[in-house]
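Q: With the first letter of the first sequence counted as 1, position 287 gets the number 280 in the working numbering; the numbers rise by one all the way through. Below you'll find the structure I mean.
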Amino acid sequence: MPTRPGAPAAGAYLEGLNPEQRDAVVSVEGPLLVLAGAGTGKTRVLTCRLAHILNNGMAYPSQILSVTFTNKAAREMRHRVSELLGQTTEGLPWLGTFHSIAAKILRIHAELVGLKSNFTILDTDDQIRLLKQIIKAENIDDKKWTARYMASLIDAWKNKGLTPGKCDPSEKYKFAEGKGLIIYKTYQDRLKVLNAADFGDLLLHNLTIFQNNPDVLARYHAKFRYILVDEYQDTNVCQYLWLRLLAQGSNNVCVVGDDDQSIYGWRGAEVDNILRFESDFPGAKVIRLERNYRSTEHILAAASGLISSNKDRLGKTLWTEDDGGHKVSVTGVWDAPAEARIISTDIENWYSKGRKYSDVAILVRASRQMRSFEERFIQIGLPYKVIGGPRFFERQEIRDAHAYMRLLVNDTDDLAFERVVNTPKRGIGATSIQKLQRAARSMGVSLETATRELTKTDEIRGKARSSLRAFCLDLDRWRAMQGTMRHTNLAEQILDESGYTQMWRDNKDAKSAGRLENLKELIQAMNEFDTLPAYLEHISLVMDVDKSNGVEEDQVSLMTLHSAKGLEFPLVFLPGWEEGMFPSQKSMDESGMAGLEEERRLAYVGITRAREQAKIYFAANRQVYGSWQSSLPSRFIDELPPAHVEAASESGLHDSGAVAERVASSFARSFEENKSGPVSPGWQRFQQNKTKSFGRAPKDIEGHAVRRPAKGKSSNYNKGDRVFHQKFGYGLVTETDGTKLTVAFEKAGEKKVLDGFVERA
DNA sequence: TTTATACTGATTTTT
DNA sequence: TCAGTATAAA
-6 MPTRPGAPAA
4 GAYLEGLNPE
14 QRDAVVSVEG
24 PLLVLAGAGT
34 GKTRVLTCRL
44 AHILNNGMAY
54 PSQILSVTFT
64 NKAAREMRHR
74 VSELLGQTTE
84 GLPWLGTFHS
94 IAAKILRIHA
104 ELVGLKSNFT
114 ILDTDDQIRL
124 LKQIIKAENI
134 DDKKWTARYM
144 ASLIDAWKNK
154 GLTPGKCDPS
164 EKYKFAEGKG
174 LIIYKTYQDR
184 LKVLNAADFG
194 DLLLHNLTIF
204 QNNPDVLARY
214 HAKFRYILVD
224 EYQDTNVCQY
234 LWLRLLAQGS
244 NNVCVVGDDD
254 QSIYGWRGAE
264 VDNILRFESD
274 FPGAKVIRLE
284 RNYRSTEHIL
294 AAASGLISSN
304 KDRLGKTLWT
314 EDDGGHKVSV
324 TGVWDAPAEA
334 RIISTDIENW
344 YSKGRKYSDV
354 AILVRASRQM
364 RSFEERFIQI
374 GLPYKVIGGP
384 RFFERQEIRD
394 AHAYMRLLVN
404 DTDDLAFERV
414 VNTPKRGIGA
424 TSIQKLQRAA
434 RSMGVSLETA
444 TRELTKTDEI
454 RGKARSSLRA
464 FCLDLDRWRA
474 MQGTMRHTNL
484 AEQILDESGY
494 TQMWRDNKDA
504 KSAGRLENLK
514 ELIQAMNEFD
524 TLPAYLEHIS
534 LVMDVDKSNG
544 VEEDQVSLMT
554 LHSAKGLEFP
564 LVFLPGWEEG
574 MFPSQKSMDE
584 SGMAGLEEER
594 RLAYVGITRA
604 REQAKIYFAA
614 NRQVYGSWQS
624 SLPSRFIDEL
634 PPAHVEAASE
644 SGLHDSGAVA
654 ERVASSFARS
664 FEENKSGPVS
674 PGWQRFQQNK
684 TKSFGRAPKD
694 IEGHAVRRPA
704 KGKSSNYNKG
714 DRVFHQKFGY
724 GLVTETDGTK
734 LTVAFEKAGE
744 KKVLDGFVER
754 A
């Protein structure tokens, strides 16, 4: 039995765990489902469990399979386990993301699915390029059946664990003029020829290998004594099948997750996997972690109340010893700029009380909502950072640079060849490329080889021919230099000699300087690897870059609700809670009730990010794709338990109606604000705060109810009343529903508005 | 082959 | 609104 020198006394990591957590840590034999609600110490349990197994010598590090979804989670787990055990987790070779572990297994058995062990992993960009070619070749209307759409179809098939041979043949009539399956098949064939796999293939090929080769599967059965899975509610069918096959060995499979936080259905996650766990793994033990260590009672109660509207749940009751605290607040505002103004003022308040900007997060449903916040923050100089969004390795210049390196390492990487052969512009156009492709196909060789052959003939003439020749000579030269110099230097040289850096230097676009910076950063990143191939393998699976280099800056975080999962902040702002926006109309149109429930889980995730305070906002008007739309408060607001919610205006506090109605009165202040001059109150306030010492800021500086609006209650308007609206002008009331009016505006057409926003005309 | 202009159509995101 | 792409002209 392996005992680690320097490890803490056996069981020390069990200290400070509550009974359920401890149970989850020590119940290592047999299938176990740990239902871990938000903030119940899920990661702690996972890492302690790992430590427990290792420390008691129940398995060697190499006998434990632990899977996560993101590299971040994997890193975190590795880090925390090594902290628990003291310095000794160089091992744990099978701790990683689904994809990285699947890739590792696939490299060992690649030939069983017709690949070589050095296959390349395609990113989405390559995938789309490849599909474009195939769609064009099949003569399908590429406007109706875009490469992007076909890619999502193929992805969906792969997520379900379906190879082309296993797809329901009747489905093929639905897609791409009956050629959907043909495209999938052709695409897979092309990948095989290219010796490449896309992300979906990594898992799917594993599945094929395990299913067709019982001896291989048996090896892994013998190998993995314990299996741990994080975020089980996010697994798709393919991942589920993969896990089930592997778990047949030891049967010691522990999955941790929270059905209430399943928010990735749109990319193939099946909540059903977690709902069905007990029947899938007979004899499974279920442990609920319900004690929450994060949020106050009000926040927890509000979130629990909301999520209880969902039907398909395993059900948990979160509780906390941290009673009281602030109620969840709901505020109505005029429009997005007002929302940003009010929230930024609130953040300044927070800061002026001696709290930090980094305590604060703003969580939006869609990234386009971030705009008004960014504009506002820049205007008043409030420090913020956007989390998520376009990633470093997905930027054009980085992908181009990678393509050069990929081609260098592997002369059969046709996709890389296509990408860089005319980048920068070398006068090699679509027609030349087409000739090359035809030749390559007929000769059964790579594009580069075909190019070398074809430039010997008169098939391609003039500038294209000389450029292609020069390009091949460049490649030869660079390849010869490999091994004589460090790969980072070589990369720099390639980027220079190819004219790639010059291309951006000549480009006058404002972003060009940043691109050159990024290329420098890329060289930095490469420096952490010893060889070019090692670097390339790493980045194909790890698309994120650990940005935690340097000092922690005090900044407000701005991100989508999706990227907030797993994080927590003392103060959380949740703007944009309007019907259509959140819950998203598109989600409901596409997936109906299931879509709505997922949106509700998203709301649940949002609220439970907050430790001390959660503040919800809804705007009465929102600009959608350029035109103004009136909007109604989200149904989620009405679903919040009133006892734990306060309307953020004095006048509405003691009303007994629905939350949305109680908030109606707070419209007034944003209404007034909307008319205030170019120098906003928030700005003035910011100036004051910068110079003065921070006292309690007068509450009405934000333009608090100078004038009282038409009050909440039931509607004061009747059918046929003529009304005036700030944005839509004059109109006639055609219907009333409580405080919601349907008004036929003379210019803007029929709209639904809350009566607080109109006045009698 | 490259560049300028018209058009379209639009969540959420990891690997 | 606005970005990303398809088409036309140079």
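Idealized CB from N, CA, C, for every residue including glycine. Since we're looking at a predicted model, the values are computed, not measured.
#1: In its own chain, which residues sit with a C-beta less than 7 Å from the C-beta of V106, not counting the 5 before and 5 after it?
#2: If we call anything under 8 Å between Cβ atoms a contact, is R753 one with V726?
#3: To the nearest whole angstrom, what separates the beta carbons of S59 and L28, a pair I think is in contact under 8 Å?
#4: In three-state DSSP terms, what is W150?
#5: On the premise that T313 lies in contact with N285, defined as a C-beta separation below 8 Å, what is that separation, rounded to the nearest angstrom?
#6: Are the CB atoms of H291 and G318 nearer to each other than 8 Å?
#7: Can you give me the C-alpha to C-alpha distance between L7 and V74, rounded to a whole angstrom?
#8: If contact is defined by three or more beta carbon pairs under 8 Å, each pair taking one atom from either stretch, is the stretch 299 to 307 in contact with the stretch 324 to 342?
#9: Could you tell me which residues DSSP puts in a beta bridge with G585?
#10: What does DSSP give as the partner residues of Y344 in its beta bridges?
#11: Pick out the complete beta strand (DSSP E) segments inside the stretch 529 to 577, 3 residues or longer, and give them in chain order.
#12: Would A211 be called buried (16 or more neighbouring beta carbons within 10 Å of its own) or exposed?
#13: Just checking, does the stretch 404 to 423 make contact with the stretch 528 to 537 on the three C-beta pairs under 8 Å criterion?
#14: When the distance is taken between beta carbons, is S460 closer than 8 Å to G420?
#15: In chain order, what are the residue ranges of uninterrupted alpha helix (DSSP H) at least 4 long that sit wholly in the stretch 268 to 339?
#16: Taking 8 Å as the limit between beta carbons, can you name the residues of its chain near L184, skipping five residues before and five after?
#17: Note down the Cα distance separating M474 from L488, rounded to an integer number of angstroms.
#18: To the nearest angstrom, how far is it from the Cα of V402 to the Cα of S365?
#19: Between R218 and Q56, is the Cβ-Cβ spacing less than 8 Å?
#20: For my contact list, A277 and L25 are in at a C-beta cut-off of 8 Å; report their separation, rounded to the angstrom.
#21: Give me the residue from D467, T524, G569 and N303 with the minimum Cα distance to A613.
#22: Among E76, A149 and L429, whose alpha-carbon lies nearest the alpha-carbon of N229?
#23: Sort out for me which residues DSSP pairs E752 with in a bridge.
#24: Between the stretch 590 to 600 and the stretch 552 to 565, do at least 3 Cβ pairs fall closer than 8 Å?
#25: What does DSSP give as the partner residues of K378 in its beta bridges?
#26: Can you tell me whether M478 is helix, strand or coil according to DSSP?
#27: Would you list the one or two residues that DSSP bridges to P626?
#28: Name, in chain order, the residues that DSSP records as bridge partners for Q606.
#29: Is the Cβ-Cβ distance between L39 and D223 less than 8 Å?
#30: Closer than 7 Å: is that where the CB of G476 sits relative to any heavy atom of the ligand SAM?
#31: Taking the CB atoms as reference points, tell me whether E572 and S620 lie closer together than 8 Å.
#32: Which word fits Q495, buried or exposed, when buried means at least 16 other C-beta atoms lie within 10 angstroms of its C-beta?
#33: Going by C-alpha to C-alpha distance, which of G382, V19 and S550 sits closest to A47?
#34: Measuring straight from C-alpha to C-alpha, what distance separates S351 and S435?
#35: Mind pulling the alpha helix (DSSP H) runs of 4 or more residues that sit fully within the stretch 421 to 466?
#36: Quick one: what does DSSP say G258 is sitting in, helix, strand or coil?
A: In terms of the structure at hand:
#1: H198, T201 and I202
#2: Their beta carbons are not under 8 Å apart, which means R753 does not touch V726 by this criterion.
#3: That pair is no contact at about 19 Å.
#4: helix
#5: At roughly 5 Å, the Cβ-Cβ gap stays under 8 Å, so N285 and T313 are in contact.
#6: yes
#7: Whole-angstrom Cα-Cα distance: 13 Å.
#8: no
#9: DSSP lists no partner for G585.
#10: Bridge partners of Y344: none, in fact.
#11: 549 to 553 and 562 to 567
#12: Its Cβ having fewer than 16 others within 10 Å, A211 is exposed.
#13: no
#14: Closer than 8 Å, so yes.
#15: Runs found: 270 to 273 and 290 to 300.
#16: For L184, same chain residues with a beta-carbon under 8 Å away, outside a window of 5 residues either side, are L115, L123, A190, D191 and D194 in chain order.
#17: One C-alpha to the other measures close to 14 Å.
#18: 45 Å
#19: Yes, these two residues count as a Cβ contact at 8 Å.
#20: 7 Å
#21: G569
#22: A149
#23: F717
#24: yes
#25: S550
#26: Strand.
#27: E571
#28: Residue pairing for Q606: DSSP places it in a beta bridge opposite L564.
#29: yes
#30: Looking for the ligand SAM in the displayed structure turns up nothing, as the structure carries no ligands at all.
#31: At a Cβ-Cβ threshold of 8 Å, E572 and S620 do not count as neighbours.
#32: exposed
#33: Residue 47 is actually Leu in this sequence, not Ala. It is V19 whose Cα lies nearest to the Cα of L47.
#34: 60 Å
#35: The stretch 421 to 466 contains these whole alpha helix (DSSP H) runs: 423 to 436 and 440 to 447.
#36: helix
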